[in-house]
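To start, the structure under review is shown below, and the notes come after it.
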Amino acid sequence: MDPPPSPADDPTERWGRLLATVATDDGLVRYDVLRADSQALRDFVGWIAEHGPETDGFRLLDDDRRLAWHLNAYNALVLWRVLQEDPLPHSVRDIPGFFWWQEFGVDRGYVSLYNYERRDILPTYQEPLAHAALNCASRSCPPLRAELYHGFEVQNQLGNQLRRWIRLEDPARAAVTWDAAAGQFVFSPIFDWYAHDFQQWGGAATPCDVVLPFAETQLRALLGGHQDCPRRFYDYDWSLNGA
């Protein structure tokens, strides 16, 4: 998919300000607001097609800066592609080739969302908490952050993202909830699909090990009291994450 024209000046700050207005407190998206004022997103997508760690020569600097750049780029591409549909789709799965076939301009190359995540971002930086930041425009995705990621604070932002994801009240969206009747934790399938990442890069034997350091008091006590981490994974909700 051809990107929009790249603007003359870096639109990142403008996109960050718009992002703060379209992401809700619980990480859903005000698509009506975004559609009504999408120029900053359009400019940002055009900018990242022509700029980036390789093109602008900061690929040799610290990993955190590069990781933050790619997280911002991925999330913007997802939002921009959804916005091309009129009316909005019920699910990104209704857009043919959304993750696999369609390629987007990134840093003077082209890549599908699937390869961008699975080939370029995750194995390069081996940061398991990146899963709390990548948003796939679906209700069971981790919450969309209402600010851009920044290299100097990305590690704190990722930890905060996992805390937010754990605290979501909707059991079909939260990273984990406790089913007292069944005596089980109920996790997002992301912890199943990407178990290798959490185990190999984060040293977590179970999903309970991943969330324990970020859980609040009551849930932390439950996690600590169930060393075997009895668990199941809920059915992923692929419907659009509109507010």
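Taking the working numbering, the leading residue of the sequence shown gets 9, the next gets one more, and so forth.
Built from N, CA and C at the ideal position, the CB exists for glycine as well.
In or out: residue i buried (at least 16 other Cβ within 10 Å) or exposed?
i, result
"alanine 138", "buried"
"asparagine 143", "buried"
"threonine 225", "exposed"
"phenylalanine 206", "buried"
"glycine 65", "exposed"
"threonine 29", "exposed"
"glutamate 161", "exposed"
"proline 150", "buried"
"glutamate 21", "exposed"
"arginine 83", "The question names arginine, yet the displayed sequence has asparagine at residue 83. By the neighbour-count rule (16 or more Cβ atoms within 10 Å), asparagine 83 is buried."
Look at residue i and residue j and say whether their C-beta atoms are less than 7 Å apart.
i, j, result
"valine 41", "leucine 152", "no"
"proline 11", "glycine 113", "yes"
"leucine 75", "tyrosine 133", "yes"
"phenylalanine 52", "tryptophan 77", "no"
"tyrosine 122", "tryptophan 108", "yes"
"proline 19", "alanine 48", "yes"
"glutamine 192", "arginine 240", "yes"
"phenylalanine 199", "proline 215", "yes"
"tyrosine 244", "serine 148", "yes"
So who's on the other strand from residue i, going by DSSP bridges?
i, result
"serine 148", "Serine 148 pairs with nothing; no bridge assigned."
"alanine 31", "Val37"
"arginine 252", "The structure shown does not extend to residue 252, since the chain spans only 9 to 251, so no value can be given for it."
Compute the beta-carbon to beta-carbon distance between residue i and residue j, rounded to the nearest angstrom, for a pair I have assumed lies under 8 Å.
i, j, result
"alanine 140", "tryptophan 173", "5 Å"
For the stretch 107-140, which segments carrying the alpha helix (DSSP H) assignment without a break, of at least 4 residues, lie completely within its bounds, in sequence order? 130-133
Complete runs of the beta strand (DSSP E) confined to the stretch 154-236 [at least 3 residues]: 184-187, 192-195
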